[in-house]
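Heads up, the thing below is written out as structure tokens.
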Amino acid sequence: MLGFLLRLLPFWVREPLLIAVGSVLGVRITYLAVRDHDRVAAGLGVVFLVFTAIRVHAVVRALRARRNPNPAAPADEAAGDVTVRAQAAVGPRPGPDTAEKHNAWGQAAAAVAVFGALAAALWVAPRVLPSDDGTPQPAACPGRQHEELPKAYTQTRRAVTGEELCKALNRPDLAQLLGTPAETANSASGTTNTAPLTDGKVAQPEAEVTFDTYTVDVSATYNELSTAQYVKLMKFGDEQDIRTLTVLGRPAVLSSDHTMKFKISLGSGGSGGPVEQGPLARTLSVALDRKDRGGYYDITVWSTSGTLPEDRVLLDIAQKVLPTIPEHPVR
């Protein structure tokens, strides 16, 4: 249909239009092919450029023909006289102006249709084609791994997986909650593990989302430890700035502690460096339920620079993330 409409256009409308479209597409596709090292796209860009060059050559030839028309041959004068006499006998033929008047409206309608189709294509293309402006896309949580869950998950009521925690944590507004709205997530991951020193009897899934400034970690521990008992244990440990509060109607506690930093060498020796003290992290621990019957969520935020966000940030994350974490019956 588009080709039929193009053929209806006058030469001096159709050819400049084809040259403009072909040159823009050819240059754009060739640029993307060079940037992405795509041979197929490079070949397509060359096809558009060659097509454009052919149209330019046709326009140049037409311009030369209009500027230098060929004179009529003298040998045809006799034949011309005969033709004139024949036309005088049968009457004058319709001149070219009559045909042009009949086609004027058709050509105008075809021109409007072609330009409308091109405008519609330019409007739809950004919504259909993937973006190539180089804007980094936020990291997504990995897909479901078809692995058998540890036995602790089949025996624990409400236990979620690391994948489900990752989907709850990796929110579109997480960077805004952290106070860095211009950042996008660099990585997102989830693990379905058990708590250490429990002989695999306590489910402890975990998820982590990393930004340029902060890293956010959410874990769930399904044990029988209440928040009050947890606070007593904190006081015996190295946790700092302990503060109890209520979040979503549940007992909660804020604390600070240093992360651990260690290096693993991938060389021939395979040896790693000693475990060192990492940057300070701030953690908000919230009971799994209002009655505080045991178990808790940990929301931890830290940065490699050592700076910590305000406690309000952890509270905002908890109020947005915790209600979206699913709860399951006994598996």
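Numbered per the working numbering, the sequence shown spans residues 1 to 331. We put the CB at the ideal spot given by N, CA and C, even for glycine.
{"query": "ASP289 to THR221 span [Cα, whole Å]", "result": "12 angstroms"}
{"query": "Cβ neighbours of PRO58 in the same chain (closer than 8 angstroms, five flanking residues each side left out)", "result": "Position check: residue 58 holds Ala in this sequence, whereas Pro was assumed. Taken in chain order, the residues that qualify are GLU15."}
{"query": "Backbone CA spacing between THR210 and PRO181 [nearest angstrom]", "result": "14 angstroms"}
{"query": "Reduced DSSP category for GLU77 - H, G, I as helix; E, B as strand; rest coil", "result": "A caution first: GLU77 carries a pLDDT of 48, below 50, which makes its placement in the model too unreliable to give a value."}
{"query": "ILE68, buried or exposed, once every other Cβ within 10 Å from all chains shown has been counted against 16", "result": "According to the sequence shown, residue 68 is Asn rather than Ile. Per the 10 Å Cβ criterion, exposed."}
{"query": "Between the CA atoms of VAL313 and VAL231 - distance to the nearest angstrom", "result": "21 angstroms"}
{"query": "Beta-carbon proximity of VAL321 to VAL218, cut-off 8 angstroms", "result": "yes"}
{"query": "Reduced DSSP secondary structure (H/G/I, E/B, other) of ILE242", "result": "strand"}
{"query": "Paired residues, beta bridge with ASN223 - DSSP", "result": "In the DSSP output, where bridge partners are listed per residue, ASN223 has none listed."}
{"query": "Same chain, Cβ closer than 8 angstroms to LEU44, five either side skipped, listed in chain order", "result": "ILE29, ALA33"}
{"query": "Helix, strand or coil at ILE299 [DSSP, three-state]", "result": "strand"}
{"query": "C-alpha gap between THR259 and ARG35, whole angstroms", "result": "41 angstroms"}
{"query": "Alpha-carbon spacing of TRP302 relative to ALA281, whole angstroms", "result": "5 angstroms"}
{"query": "Assumed close pair THR156, ALA203 - CB separation to whole angstroms, cut-off 8 angstroms", "result": "5 angstroms"}
{"query": "Nearest candidate by alpha-carbon position, reference ARG158, set TYR296, THR304, LEU17", "result": "TYR296"}
{"query": "Separation of MET234 from THR227, as counted between CA atoms", "result": "10 angstroms"}
{"query": "Residues that VAL247 bridges to, as DSSP identifies them", "result": "ARG250"}
{"query": "Integer-rounded CB distance, given that GLU164 should sit under 8 angstroms from ILE317", "result": "The pair is not a contact, with the Cβ atoms about 17 angstroms apart (cut-off 8 angstroms)."}
{"query": "Beta-carbon gap between ALA185 and ALA252 smaller than 8 angstroms", "result": "no"}
{"query": "Bridge partner(s) assigned by DSSP for GLN155", "result": "DSSP output for GLN155 lists no bridge partner at all."}
{"query": "With 16 other Cβ atoms within 10 Å as the buried cut-off, status of LEU63", "result": "exposed"}
{"query": "Buried or exposed by the 16-neighbour rule on C-beta atoms within 10 Å, applied to ARG55", "result": "buried"}
{"query": "Exposure of SER305, with buried meaning 16 or more beta-carbon neighbours within 10 Å", "result": "exposed"}
{"query": "Enclosing beta strand (DSSP E) for GLY190 [first to last residue]", "result": "187 to 194"}
{"query": "Which listed residue (LEU18, LEU248, LYS151) has its alpha carbon closest to that of SER48", "result": "Note on identity: in this sequence residue 48 is Phe, with Ser being the wrong assignment. It is LEU18 whose Cα lies nearest to the Cα of PHE48."}
{"query": "Nonlocal neighbours in the same chain, by C-beta distance under 6 angstroms from GLY22, ignoring five residues either side", "result": "PHE48, PHE51, THR52"}
{"query": "Contact under 8 angstroms by Cβ, ASN193 with GLU206", "result": "yes"}
{"query": "Outcome for ARG250 when other beta-carbon atoms lying within 10 angstroms are tallied against a minimum of 16", "result": "buried"}
{"query": "Buried versus exposed, by CB contacts within 10 Å (16 or more), LYS291", "result": "exposed"}
{"query": "DSSP bridge partner residues for VAL209 (one or two, in chain order)", "result": "ALA188, VAL216"}
{"query": "Outcome for LEU315 when other beta-carbon atoms lying within 10 angstroms are tallied against a minimum of 16", "result": "buried"}
{"query": "Own chain, CB closer than 7 angstroms to GLY179, minus 5 neighbours either side, in chain order", "result": "PRO309, VAL313"}
{"query": "Same chain, Cβ closer than 6 angstroms to ARG298, five either side skipped, listed in chain order", "result": "The amino acid occupying residue 298 in the given sequence is Asp; Arg does not appear at that position. For ASP298, where only same-chain residues beyond five positions count, the Cβ hits under 6 angstroms are SER219, THR283, SER285."}
{"query": "Start-to-end residues for the alpha helix (DSSP H) that takes in GLY45", "result": "39 to 67"}
{"query": "Whether GLY200 touches LYS167 by CB criterion (8 angstroms)", "result": "no"}
{"query": "Bridge partner(s) assigned by DSSP for THR283", "result": "SER255, THR300"}
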